[in-house]
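Undergrad:
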Amino acid sequence: MKPKYQATATAAGGREGQVTSDDGVLDLQLALPKELGGKGGNFTNPEQLFAAGYAACFGSALQLVAQQQKVKLGDFNVTAAVGIGEDDDEGGFLLQVELDVYIPEIDVEVGEDLINEAHEICPYSKATRDNIDVTLNLLVDE
Numbered sequence: 005m006k007p008k009y010q011a012t013a014t015a016a017g018g019r020e021g022q023v024t025s026d027d028g029v030l031d032l033q034l035a036l037p038k039e040l041g042g043k044g045g046n047f048t049n050p051e052q053l054f055a056a057g058y059a060a061c062f063g064s065a066l067q068l069v070a071q072q073q074k075v076k077l078g079d080f081n082v083t084a085a086v087g088i089g090e091d092d093d094e095g096g097f098l099l100q101v102e103l104d105v106y107i108p109e110i111d112v113e114v115g116e117d118l119i120n121e122a123h124e125i126c127p128y129s130k131a132t133r134d135n136i137d138v139t140l141n142l143l144v145d146e
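Note that this note's numbering has the sequence shown beginning at 5, numbered continuously upward.
(1) I'd like to know whether the C-beta atoms of Leu34 and Val23 end up nearer to each other than 8 Å.
(2) Determine the burial state of Tyr9: buried for a count of at least 16 other Cβ atoms within 10 Å of its Cβ, exposed for fewer.
(3) With burial defined as no fewer than 16 other Cβ atoms inside 10 Å of the residue's Cβ, what is the status of Ser129: buried or exposed?
(4) To the nearest angstrom, how far is the alpha carbon of Lys38 from that of Glu20?
(5) Cys61 and Pro127 - do their beta-carbons sit closer together than 8 Å?
(6) Buried or exposed: where does Ala55 fall if 16 or more other Cβ atoms within 10 Å of its Cβ makes it buried?
(7) Between Val86 and Val101, how many whole angstroms is the CB-CB distance? I'm expecting something under 8 Å.
(8) Would you identify the three-state DSSP class for Asp26, choosing helix, strand or coil?
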């Protein structure tokens, strides 16, 4: 694959450091969440950054699929919840993701087809496939 775009970011100091992008747009202080033994605070962490990227990327994949199928999404949104926990089998840690995809006023069957197809083409979904558990949830207006 020849990349059409490449993002570059540097993390200094691990989970208690600073992350910056090469263009200076991203410049964030990191802190280990209290749940992982850190002091927490008003700082971000790798799981939040991954959740933001996955939600945005999945949303774009959903738009593409909907456009191809001539389906109007309306005022949709994607919320990604990224969990981290200990890997009891091999040591270290594992991630899991839950994607809540809200598409108002859509037929449930059509919505499920859209999110399943988006999951097939989304680069984040491809990168995580068979590596971490990803749960897809369709949320609709009733």
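Even for Gly, the Cβ is constructed at its ideal location relative to N, Cα and C.
TA: Concretely, from the data shown:
(1) For the purposes of this step, residue 34 is identified with residue 30 of the sequence shown, where counting begins at 1. For the purposes of this step, residue 23 is identified with residue 19 of the sequence shown, where counting begins at 1. The Cβ atoms of Leu34 and Val23 lie closer than 8 Å to each other.
(2) The count along the sequence shown starts at 1 and reaches residue 9 at position 5. Flag for Tyr9 reads exposed.
(3) Against the sequence shown, residue 129 aligns to sequence position 125. Classification for Ser129: buried.
(4) In the sequence shown, residue 38 corresponds to position 34, counting from 1. In the sequence shown, residue 20 corresponds to position 16, counting from 1. One C-alpha to the other measures close to 12 Å.
(5) What you label residue 127 is simply residue 123 of the sequence shown in a count that begins at 1. What you label residue 61 is simply residue 57 of the sequence shown in a count that begins at 1. Cys61 sits close to Pro127, with the two beta carbons spaced by under 8 Å.
(6) In the sequence shown, residue 55 corresponds to position 51, counting from 1. When all chains shown are included, Ala55 counts as buried.
(7) What you label residue 86 is simply residue 82 of the sequence shown in a count that begins at 1. What you label residue 101 is simply residue 97 of the sequence shown in a count that begins at 1. With a Cβ gap of about 5 Å, Val86 and Val101 count as contacting.
(8) If you number the sequence shown from 1, residue 26 lands on position 22. Three-state DSSP puts Asp26 in coil, outside helix and strand.
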